[in-house]
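Okay, structure first, notes after.
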Amino acid sequence: MNNNFYDLVKDNDKFKNFVLPMEELDVVRDAMIFIHKTGLILFSEGYCHPPDKLICNIIYIPDPEGKKEIFGQPYRSIIKKKDDTGEESWINFEDQLDQYCELAPEAQEDKPPYAKYKCQFDRKDLIGFVDHRRSLKIARELSPEIDDSIRKVAGMLNISPDSIGVTGSLALGNLKTAHDFDLVFYGKGDEGWDIVNQIYEIVKDPARQVFEMGMLWAIRFYDDWENMICPFFSYTDLSEIPLQDFSMEVIEEGVELTGAIFKDRHTFYMPSVLQMNEVEFPGHPEITEIALILYHGGLRGEYVIGDRVKARGDLVRVTTSDDSYLALLSTNLIETEKVVG
188 MNNNFYDLVK DNDKFKNFVL PMEELDVVRD AMIFIHKTGL ILFSEGYCHP PDKLICNIIY
248 IPDPEGKKEI FGQPYRSIIK KKDDTGEESW INFEDQLDQY CELAPEAQED KPPYAKYKCQ
308 FDRKDLIGFV DHRRSLKIAR ELSPEIDDSI RKVAGMLNIS PDSIGVTGSL ALGNLKTAHD
368 FDLVFYGKGD EGWDIVNQIY EIVKDPARQV FEMGMLWAIR FYDDWENMIC PFFSYTDLSE
428 IPLQDFSMEV IEEGVELTGA IFKDRHTFYM PSVLQMNEVE FPGHPEITEI ALILYHGGLR
488 GEYVIGDRVK ARGDLVRVTT SDDSYLALLS TNLIETEKVV G
């Protein structure tokens, strides 16, 4: 990797327009994009990051043969792949982790349990970050088509366009994918639920559902103008974040349980923090209620009150400033599923 990447891109217009210096970073939010000094494009995961560290996925890497252009440089994705027909699919988490270990083995050291399939980079090695709402504001100013699309989807959901941000390649200035939006909706929890409840109604129509990369997505949808919307949600009231400053201890690895969701307030955030009762936990008959933590973004909005869920992962103890509780930690989207009947 090129440790002088900044020198390659510092005069690129998109880099200058969309990337902010690390000195301007206030809060690390979920789904923010960061630029590593080697050119790796990083995607923050969740709200809890050890001091001077960033928990993240690597989403794009510099590649001379890459088909995606970022800041005038060729890149390729390492979280998605295309088959011979051009159909996209996920690269599974295990294979992603293998690539992370090859690309940045130092980012696998001393990771917390919830970062099993993620990286942990030193913030001192980052050369910039992208602000969700600032990037979308710039994109809207540069592209009347994007501005029109954002105004329309905001009107459809009865929210202000200024409450919306963007992540993904559009946040980096790639304005060509103007019909596929990774939008970040800012607001308090109740405001997020107003949006999500509308989405649940929208996707009752099969024509508005998104089946992509081998999955039917719970809260991705096609808007009234056939734009595909992939929603993320960001807390404006930081006191609502359930896992912002905490520690986690693994009690038992590789467990499985089944339970019913009875609290789902944070289901559409990453991490999704849910509460289960009617728990059936072999070897632990004393546990009848437990938190379910999905520390990945693949199933945002998937589970709601009344769903019965089978979950695999690790039994952990979570400690915050004012609480301590047991949880089932799932770090891979294939570890949970709905149980019918």
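Take the sequence shown: its position 316, counting from 1, is numbered 503 in the numbering used here, and each next residue is one higher. Yeah, the Cβ is synthetic: ideal placement off N, Cα and C, and Gly gets one too.
Practice item. Grab the span of the beta strand (DSSP E) containing residue 404 for me, first residue to last. Key: Translated into the one-based positions of the sequence shown, residue 404 becomes position 217. Segment 402 to 409, the beta strand (DSSP E) holding residue 404.
**Study point:** Span separating the alpha-carbon of residue 523 from that of residue 511
**Key:** In the sequence shown, residue 523 corresponds to position 336, counting from 1. In the sequence shown, residue 511 corresponds to position 324, counting from 1. Approximately 24 Å between the Cα atoms of the pair.
Review point. Smallest Cα separation from residue 193: which of 215, 249, 245, 237?
Key: Counted from its first residue, the sequence shown places residue 193 at position 6. Comparing Cα positions, the closest option is 249.
Review point. If we call anything under 7 Å between Cβ atoms a contact, is residue 280 one with residue 212?
Key: Your numbering for residue 280 matches position 93 in the sequence shown. Your numbering for residue 212 matches position 25 in the sequence shown. Their beta carbons are not under 7 Å apart, which means residue 280 does not touch residue 212 by this criterion.
Check your understanding: Is the Cβ-Cβ distance between residue 421 and residue 263 less than 7 Å?
Key -> Within the sequence shown, residue 421 is the residue found at index 234, counting from 1. Within the sequence shown, residue 263 is the residue found at index 76, counting from 1. Going by C-beta atoms, residue 421 is not nearer than 7 Å to residue 263.
Check your understanding: Looking only at its own chain, which residues have a Cβ that is under 7 Å from the Cβ of residue 379, when we skip the five neighbours before and after it?
Key -> Here residue 379 refers to the residue found at position 192 of the sequence shown. Cβ neighbours of residue 379 beyond the five flanking positions: 372, 420, 455.
Exercise for review: State buried or exposed for residue 527, treating a residue as buried only when at least 16 other CB atoms are found within 10 Å of its CB.
Suggested key: Along the sequence shown, read from residue 1 onward, the residue named residue 527 stands at position 340. Flag for residue 527 reads exposed.
**Study point:** C-beta atoms of residue 520 and residue 442 nearer than 7 Å
**Key:** Taking the first residue of the sequence shown as position 1, residue 520 is located at position 333. Taking the first residue of the sequence shown as position 1, residue 442 is located at position 255. Cβ atoms of residue 520 and residue 442: not closer than 7 Å.
Review point. Do residue 513 and residue 504 have their C-beta atoms within less than 7 Å of each other?
Key: To locate residue 513, count along the sequence shown from 1; it is residue 326. To locate residue 504, count along the sequence shown from 1; it is residue 317. Yes, the Cβ-Cβ distance between residue 513 and residue 504 is below 7 Å.
Review point. Using 8 Å as the Cβ pair cut-off and three pairs as the minimum, do the stretch 288 to 297 and the stretch 190 to 210 touch?
Key: no
Point to revise | Rounded separation between residue 436 and residue 506 - CA only | key: Looking up residue 436 in the sequence shown gives position 249. Looking up residue 506 in the sequence shown gives position 319. Each residue's Cα considered, the two are about 8 Å apart.
Check your understanding: From residue 237 to residue 477, what does the alpha carbon distance come to, in whole angstroms?
Key -> Taking the first residue of the sequence shown as 1, we reach residue 237 at position 50. Taking the first residue of the sequence shown as 1, we reach residue 477 at position 290. Using only the alpha carbons, I get a separation of about 25 Å.
Check your understanding: Between residue 428 and residue 418, is the Cβ-Cβ spacing less than 7 Å?
Key -> Within the sequence shown, residue 428 is the residue found at index 241, counting from 1. Within the sequence shown, residue 418 is the residue found at index 231, counting from 1. Cβ atoms of residue 428 and residue 418: not closer than 7 Å.
Check your understanding: beta strand (DSSP E) containing residue 396: first to last residue?
Key -> Locating residue 396 in the sequence shown gives position 209, counting from the first residue. Looking at the DSSP string, the run of the beta strand (DSSP E) that includes residue 396 is 396 to 399.
Check your understanding: So, helix, strand or coil for residue 281, using DSSP?
Key -> Taking the first residue of the sequence shown as position 1, residue 281 is located at position 94. In the structure shown, residue 281 sits in a helix (DSSP, three-state: H, G or I).
Review point. Can you name the start and end residues of the alpha helix (DSSP H) that residue 385 belongs to?
Key: Residue 385 sits at position 198 when you count from the first residue of the sequence shown. Here the alpha helix (DSSP H) through residue 385 covers 376 to 389.
**Study point:** Entirely enclosed beta strand (DSSP E) segments - the stretch 262 to 318, minimum 3 residues
**Key:** 267 to 269, 275 to 277, 306 to 309, 313 to 317
Practice item. Helix, strand or coil for residue 521, going by three-state DSSP, please let me know. Key: Locating residue 521 in the sequence shown gives position 334, where the first residue counts as 1. Helix, per DSSP.
Review point. Thinking C-beta only, is residue 245 closer than 7 Å to residue 227?
Key: Counting from one through the sequence shown, the residue named residue 227 turns up at place 40. Counting from one through the sequence shown, the residue named residue 245 turns up at place 58. Yes, the Cβ-Cβ distance between residue 227 and residue 245 is below 7 Å.
Check your understanding: Would the beta-carbon of residue 367 fall within 7 Å of that of residue 415?
Key -> Taking the sequence shown and counting its residues from 1, one reaches residue 367 at position 180. Taking the sequence shown and counting its residues from 1, one reaches residue 415 at position 228. Yes. Within cutoff.
Check your understanding: Rounded to the nearest angstrom, how far is the Cβ of residue 257 from that of residue 268, given a contact under 8 Å?
Key -> Position 70 of the sequence shown, counting from 1, holds the residue named residue 257. Position 81 of the sequence shown, counting from 1, holds the residue named residue 268. That belief does not hold up - the Cβ atoms of residue 257 and residue 268 are roughly 18 Å apart, past 8 Å.
Point to revise | Proximity of residue 448 and residue 409 at Cβ, strictly below 7 Å | key: For the purposes of this step, residue 448 is taken as residue 261 along the sequence shown, with counting starting at 1. For the purposes of this step, residue 409 is taken as residue 222 along the sequence shown, with counting starting at 1. No, they are not a contact pair.
Exercise for review: Return the CA-CA distance between residue 323 and residue 200, expressed in angstroms with no decimal places.
Suggested key: Stepping through the sequence shown from its first residue, residue 323 is reached at position 136. Stepping through the sequence shown from its first residue, residue 200 is reached at position 13. Cα-Cα distance, rounded: 16 Å.
Practice item. Determine which residues share a DSSP beta bridge with residue 235 and list them. Key: Taking the sequence shown and counting its residues from 1, one reaches residue 235 at position 48. Partner(s): none; residue 235 has no beta bridge.
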